Ligand code: NAD
Ligand code: UGA
C-alpha cells in the first residue's frame, strides 16, 4: 500500500512543473515553489507560464483535488516536504561552463528553513561531483544556523523531452538514481513505487555516475544529430538524399532510426548547454572530449551553413521580405531558447532582410526576444506571413506546416523560393514542382552547393 508523500518542488519551469503535476496526479501531496512570485500567482489561478500538451488538464484537476499547491514562500515549501526536488536552471556561463548559482541559492534557502530529515533530490542537470558538493555545502550552512539535522542528497536526473513531457513522466525509458547510502536508496524506491510496480527500468548508481549519465546521454544524442547534419552536406553535393540515408542507416537496429533527422542544427535549453558543460568539465580534468567538441563545432557550422544557403540564393538579400515559419526550437513547445530559427532570423535581419514570422506557440516569447526590432513582423496567421514574401523558410517541423494550402501559398508569395530546413516536403513532388525548392541534404531543382 502506497503512502502519499509530501513532496516539495523548487523551480516551476519546464521540468519542475511536470514533476509537480505528475507526482500530484499519482496521489502525492505536492507543494511547488518558485522565486518568481508573478509566476506563482498565475499558477495559483491555474494559468500556465509555458505550453506543454496536456499539462493544463493535469494542473486543473490537481489544483481542484488539492493534491498540488503553489507557494512563493520558501519556508512553506521546505517545512512541508519530506522529499525536496531542486529543478532550477543550470544555464551556461559566457565561457560555456555550467552556472550552478541557482542551485546553491536553493540549498542556502533550504538550510535556513530545514526543520527535520529530508531527501534533497537534484533534478537539475549538473556536473559530476555536484551532489557531493551540495551535501557538504548544506552541512556547512546548517552548522552556521546551529542546526543538527540529518539529510540525504540524491541525484535523479531528468530525461523528459519538451512537447512529450507528460508522456515521458508516465512512461519513462528509465529512472536513474544516484545515492551513497541505503537509507536514501530505500526512500527513493518508495517514492518511485508507482513506476517500479509497472516495471519501468530503475538504475541505482553512485552520485557521479548518475550525474554523468545525464550529460553523456544528451551529448550522445547531440552527436548523433551532428553526424547526420555533417553527412547532409556531402549528401547534397553528390546528389544523394539524406532522408533515405537516415532511413537506410536507421533500419540497422544497432544504429536506430531516432535522432537522425538532418536540420539546421540542434537547439533548445539543453543540448547546446549540456554538451558545452560536459566538454569544459572534462577539460578542467585534463581530458579533451574530441567527439563532443566536434559535435558542438558541427552544430555551429550547420546553422551557419543553413543561413548562408538562404543568403546566397536570395542575393542581394537587402530589403527582401522573407517568411520564417516556426520560431520554437522544436514543435509542440513554446520554448525558443537556443532555437535555430531565432539565430537564423537574427542573421537575416543583420543581412538587412525583412522578416514576417509565424509560429503556433512561439510568438509571445519571440516577441519579447525581438522587442524593439523593426525588421520583424509577427503574424497571427500562417497565410498572413506569406503575403508578398520572396522566400519561405521552414525553420521548425511543426506537423501543421505539412498541411499548408500550397496553391494559396503560391498565390500569396511574390517569389516562389522555399527553404525547407527540416525536409518536411522532401517527398512531395507537387511542392517541388510549384516552388524553387531548397532542402537540406536532399536533391533540389537548384544544383548549386552552398558551402
Ligand atoms: P526553467 O528556466 O524553465 O525553470 C527554472 C525555474 O527555476 C524558473 O521558473 C526560475 O524562476 C526558478 N528559480 C530560479 N532560482 C530559484 C530558486 N532559488 N528557488 C526557486 N526557484 C528558482 O528551466 P528548466 O527548463 O525547467 O530546466 C531546469 C533544469 O532541468 C536545468 O538544469 C535543465 O538542464 C534540466 N532539464 C531540463 C529539461 C527541459 O526539457 N527543459 C529536460 C531535462 C533536464
Ligand atoms: C532533449 C533530450 O531529448 C531529453 O531526453 C532531455 O531530457 C532534454 O534534452 C534535456 O536535457 O533538456 P529536448 O531538448 O526537449 O530534449 O528536445 P529534443 O527532441 O531532444 O530536440 C533537441 C533539438 O535537436 C531540437 O532542436 C530538434 O529539432 C533537434 N533534432 C532532434 C534534430 O535536429 N534532429 C533529430 O533527429 C532530433
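Numbering (the working numbering), first residue to last: 1335 to 1785.
All C-beta atoms, glycine included, are put in the ideal place defined by N, C-alpha and C.
Predicted, not measured: the structure shown is a model, and the values here were computed from it.
Item	Value
Assumed close pair residue 1746, residue 1729 - CB separation to whole angstroms, cut-off 8 Å	18 Å between Cβ atoms; not a contact.
Contact under 7 Å by Cβ, residue 1576 with residue 1566	yes
CB of residue 1374 within 7 Å of CB of residue 1410, strictly	no
Minimum C-alpha distance to residue 1505 - residue among 1419, 1530, 1490	1530
Cβ pair count under 8 Å reaching 3, the segment 1543 to 1554 against the segment 1600 to 1615	yes
Beta-carbon proximity list for residue 1805, same chain, < 6 Å, skipping 5 on both sides	Residue 1805 lies beyond the stretch modelled for the chain, which goes from 1335 to 1785, so this question has no answer here.
C-beta contact flag for residue 1670 and residue 1653 at 7 Å	no
Residues bridged to residue 1366 [DSSP beta-bridge criterion]	1343, 1404
Runs of alpha helix (DSSP H) lying entirely within the segment 1704 to 1767, each at least 4 residues, in chain order	1716 to 1720, 1740 to 1746
Every unbroken alpha helix (DSSP H) within the segment 1456 to 1512, with a cutoff of 4 residues, ordered by chain	1464 to 1478, 1499 to 1504
Residue 1757 Cβ short of 6 Å to the ligand UGA heavy atom set	no
Three-state secondary structure (DSSP) of residue 1781	Only weak support is given to the placement of residue 1781: the predicted model assigns it a pLDDT of 42, under 50, and the value that follows is read from those uncertain coordinates. Correct three-state label for residue 1781: coil.
Cβ-heavy atom distance, residue 1553 to the ligand NAD, below 6 Å	no
Given residue 1514 as reference, the closest of 1487, 1536, 1527 once Cα atoms are compared	1487
Segment contact flag, the segment 1705 to 1714 with the segment 1730 to 1740, C-beta cutoff 8 Å, min 3 pairs	no
Whole beta strand (DSSP E) elements within the segment 1546 to 1588, 3-residue minimum	none
Minimum C-alpha distance to residue 1416 - residue among 1603, 1448, 1701	1448
Cβ shell of residue 1780 (< 6 Å), same chain only, five flanking positions each side left out	Note that residue 1780 has pLDDT 49, beneath the 50 cutoff, so the model's placement of it is unreliable and the number below is only indicative. Correct list: empty, nothing qualifies.
Endpoints, alpha helix (DSSP H) assigned at residue 1536	Note, residue 1536: premise wrong, no alpha helix (DSSP H); beta strand (DSSP E) at 1536 to 1539.
Residue closest to residue 1510, alpha-carbon to alpha-carbon, out of 1470, 1459, 1618, 1501	1459
Local conformation of residue 1360 per DSSP, three classes	coil
Buried or exposed by the 16-neighbour rule on C-beta atoms within 10 Å, applied to residue 1356	buried
Spatially closest choice to residue 1686 from 1644, 1464, 1776, by CA coordinates	1644
Distance, residue 1368 Cα to residue 1377 Cα	10 Å
CB contact flag (residue 1444, residue 1412, <7 Å)	yes
Sequence-distant residues of the same chain with beta carbon closer than 7 Å to residue 1783, five excluded per side	With a pLDDT of 46 at residue 1783, under the threshold of 50, the predicted position of this residue should be treated as unreliable, and no value is reported.
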